Amino acid sequence: MDTRKRSIRILMFPWLAHGHISAFLELAKSLAKRNFVIYICSSQVNLNSISKNMSSKDSISVKLVELHIPTTILPPPYHTTNGLPPHLMSTLKRALDSARPAFSTLLQTLKPDLVLYDFLQSWASEEAESQNIPAMVFLSTGAAAISFIMYHWFETRPEEYPFPAIYFREHEYDNFCRFKSSDSGTSDQLRVSDCVKRSHDLVLIKTFRELEGQYVDFLSDLTRKRFVPVGPLVQEVGCDMENEGNDIIEWLDGKDRRSTVFSSFGSEYFLSANEIEEIAYGLELSGLNFIWVVRFPHGDEKIKIEEKLPEGFLERVEGRGLVVEGWAQQRRILSHPSVGGFLSHCGWSSVMEGVYSGVPIIAVPMHLDQPFNARLVEAVGFGEEVVRSRQGNLDRGEVARVVKKLVMGKSGEGLRRRVEELSEKMREKGEEEIDSLVEELVTVVRRRERSNLKSENSMKKLNVMDDGE
Numbered sequence: 311m312d313t314r315k316r317s318i319r320i321l322m323f324p325w326l327a328h329g330h331i332s333a334f335l336e337l338a339k340s341l342a343k344r345n346f347v348i349y350i351c352s353s354q355v356n357l358n359s360i361s362k363n364m365s366s367k368d369s370i371s372v373k374l375v376e377l378h379i380p381t382t383i384l385p386p387p388y389h390t391t392n393g394l395p396p397h398l399m400s401t402l403k404r405a406l407d408s409a410r411p412a413f414s415t416l417l418q419t420l421k422p423d424l425v426l427y428d429f430l431q432s433w434a435s436e437e438a439e440s441q442n443i444p445a446m447v448f449l450s451t452g453a454a455a456i457s458f459i460m461y462h463w464f465e466t467r468p469e470e471y472p473f474p475a476i477y478f479r480e481h482e483y484d485n486f487c488r489f490k491s492s493d494s495g496t497s498d499q500l501r502v503s504d505c506v507k508r509s510h511d512l513v514l515i516k517t518f519r520e521l522e523g524q525y526v527d528f529l530s531d532l533t534r535k536r537f538v539p540v541g542p543l544v545q546e547v548g549c550d551m552e553n554e555g556n557d558i559i560e561w562l563d564g565k566d567r568r569s570t571v572f573s574s575f576g577s578e579y580f581l582s583a584n585e586i587e588e589i590a591y592g593l594e595l596s597g598l599n600f601i602w603v604v605r606f607p608h609g610d611e612k613i614k615i616e617e618k619l620p621e622g623f624l625e626r627v628e629g630r631g632l633v634v635e636g637w638a639q640q641r642r643i644l645s646h647p648s649v650g651g652f653l654s655h656c657g658w659s660s661v662m663e664g665v666y667s668g669v670p671i672i673a674v675p676m677h678l679d680q681p682f683n684a685r686l687v688e689a690v691g692f693g694e695e696v697v698r699s700r701q702g703n704l705d706r707g708e709v710a711r712v713v714k715k716l717v718m719g720k721s722g723e724g725l726r727r728r729v730e731e732l733s734e735k736m737r738e739k740g741e742e743e744i745d746s747l748v749e750e751l752v753t754v755v756r757r758r759e760r761s762n763l764k765s766e767n768s769m770k771k772l773n774v775m776d777d778g779e
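Whatever position you read off the sequence shown (first residue = 1), add 310 for this note's numbering.
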């Protein structure tokens, strides 16, 4: 049926990670408001989590569809990166690869007009194109990070990367090299490059031009694919959050404006014992109020949090420090007026949420793209990095120094003005970028329809000629 007479249907296929799924979900909500029908496919354990972040209104145009992942490689509770022990990450990638036939069946059943897939699943594009469905990769990583990574993969003179503010430190080199090898059978380098290469016409990327315009344009030149920013895709603080984490909000209500540091390191990185100790002492030495979200991998949940923290720490910070185990409503906390700094691992979604909320970032990158995001935070001027030793170790004194500087120091005032300026621009331009994206997607789908119609008419003419003979 002609899409001018009905809603365009999109099947979204994110990687099995909370940050990636959240980005796809927010994009789905934005497109659903513009008369698209969206299907999000993932493992059942992830769908259970997604449904909690959807309102009844969202559910009308955003449908959740289970992708059946074979259980022979990994049992269902582990079909997510959330809480996954690091040594099982490559196994999870192999498990998802084994779901390729199930994904093909979903395409045949749902018959979408377009597929949006993630950075590790280039085979999703192959399956879609085999059924005459255009497919595009959607990258939920920042443009600065992905431009640095891809340039150093493919250029023979990596020292000529044109943005010197983005770099890796000596202790981060091994982490960078892990992209090039993999126990899952296919390296992340090959997966990402194939995803970009196979993307139909465009590459969608979660960012906005006022922050990363030069990196977006550089990526387009580097890959010969047009990169299209889709905006920050930050979840709005709304009625669906009002009953979550009220005890934390009540605690914040009793603190002075911008007096509190919110500390969180994402849903997929687990701090080492040394990192926990140095961050704990750093927060204590800062003398500031803080909320610290601490997570442990599957299997460690039964360990009491007191056993992981320095002896007597909770007693010494009582009243000004709140330690939360597992999960907290990050967007809602960052939007609270008492929060004056965000001690973050610099996962891209967290960077976007910090900017959107107008909160300066104290950057403590851990792995993957996070070091490059941290360099961007400093380069653009809305945060500062806690610099590790040459061996990659954190120092409590450095943690305390940067925390106090950003929240209490005069230089922190300049960073705050800059992040508030970016926040205002982000809110103004975000909807414009989604509207531009809608035009791009409609053009791609209509072009494919015209091509299909032309092919059908040609076949009919051939059949008529055959009948005449």
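Each residue gets a CB set at the ideal place from its N, CA and C atoms; glycine is no exception.
Bear in mind the structure is a predicted one, so any value in this text is a computation, not a measurement.
Original post:
Considering only residues of the same chain and omitting the five flanking positions on each side of Phe448, which have a CB-CB separation below 6 Å?
Top reply: Locating residue 448 in the sequence shown gives position 138, where the first residue counts as 1. So the qualifying residues of the chain are Leu426, Leu514.
Original post:
Which one or two residues does DSSP pair with Arg536 in a beta bridge?
Top reply: To locate residue 536, count along the sequence shown from 1; it is residue 226. Answer is Leu512.
Original post:
Would Glu694 be called buried (16 or more neighbouring beta carbons within 10 Å of its own) or exposed?
Top reply: Translated into the one-based positions of the sequence shown, residue 694 becomes position 384. By the 10 Å Cβ count, Glu694 comes out buried.
Original post:
In three-state terms, what does DSSP make of Met364?
Top reply: Locating residue 364 in the sequence shown gives position 54, where the first residue counts as 1. It is coil, neither helix nor strand.
Subject >> Chain-order list of residues whose beta-carbon lies under 8 Å from that of Asn584 (same chain, five-residue window excluded) >> reply: Indexing the sequence shown from 1 puts residue 584 at position 274. Within the same chain, Asn584 has close Cβ partners Asn703, Leu704.
Subject >> Span separating the alpha-carbon of Val674 from that of Gln441 >> reply: For the purposes of this step, residue 674 is taken as residue 364 along the sequence shown, with counting starting at 1. For the purposes of this step, residue 441 is taken as residue 131 along the sequence shown, with counting starting at 1. Those two C-alpha atoms are separated by around 44 Å.
**OP:** Just mark Gly564 as buried or exposed, buried being the case when its beta carbon has 16 or more other beta carbons within 10 Å.
**Re:** Counting from one through the sequence shown, the residue named residue 564 turns up at place 254. Gly564 should be labelled exposed.
**OP:** On the DSSP bridge assignment, give the partners of Met676 in chain order.
**Re:** Locating residue 676 in the sequence shown gives position 366, where the first residue counts as 1. None; Met676 has no bridge partner.
Original post:
Starting from Ser574 and walking both ways along the beta strand (DSSP E), at which residues does that stretch end?
Top reply: What you label residue 574 is simply residue 264 of the sequence shown in a count that begins at 1. Taken as a continuous stretch (DSSP letters only), the beta strand (DSSP E) holding Ser574 covers 570–574.
Original post:
Looking at the unbroken alpha helix (DSSP H) that takes in Arg319, where does it start and where does it end?
Top reply: On the sequence shown, residue 319 is found 9 positions in, with the first residue counted as 1. From DSSP, Arg319 is part of no alpha helix (DSSP H) but of the beta strand (DSSP E) over 318–323.
Original post:
Looking at C-beta atoms only, is the number of pairs between the region 650–658 and the region 569–582 that lie closer than 8 Å three or more?
Top reply: yes
Subject >> Cα-Cα separation between Asp503 and Ile615, rounded to whole angstroms >> reply: Reading the sequence shown from its first residue, position 193 is the one you call residue 503. Reading the sequence shown from its first residue, position 305 is the one you call residue 615. One point to set straight first is that residue 503 is Ser, not Asp, in the sequence displayed. About 41 Å.
Original post:
Just to confirm, are Val538 and Glu750 a CB contact at a threshold of 8 Å?
Top reply: Within the sequence shown, residue 538 is the residue found at index 228, counting from 1. Within the sequence shown, residue 750 is the residue found at index 440, counting from 1. In this structure, Glu750 lies closer than 8 Å to Val538 by Cβ.
Original post:
When you compare each of Val627, Leu619, Arg605 to Leu595 by their alpha carbons, which one comes out closest?
Top reply: One-based indexing of the sequence shown puts residue 595 at position 285. Selected option, being the one with the closest Cα: Val627.
Original post:
Would DSSP call Ile586 helix, strand or coil?
Top reply: Here residue 586 refers to the residue found at position 276 of the sequence shown. Three-state DSSP puts Ile586 in a helix.
**OP:** Report the three-state DSSP secondary structure of Phe652 (helix, strand or coil).
**Re:** Position 342 of the sequence shown, counted from the start, is the residue given in the question as residue 652. Looking at Phe652 - three-state DSSP - the assignment turns out to be strand.
**OP:** Using three-state DSSP, classify Val347 as helix, strand or coil.
**Re:** Within the sequence shown, numbered from 1, the residue matching residue 347 stands at position 37. Correct three-state label for Val347: strand.
**OP:** Please name the residue or residues paired with Ile601 in a DSSP beta bridge.
**Re:** Residue numbering aside, residue 601 sits at position 291 when the sequence shown is read from its first letter. Phe572, Leu632, per the DSSP bridge assignment.
Subject >> Proximity below 8 Å, CB of Leu416 to CB of Leu357 >> reply: For the purposes of this step, residue 416 is taken as residue 106 along the sequence shown, with counting starting at 1. For the purposes of this step, residue 357 is taken as residue 47 along the sequence shown, with counting starting at 1. It is not a contact, given that the beta carbons lie outside the stated cut-off.
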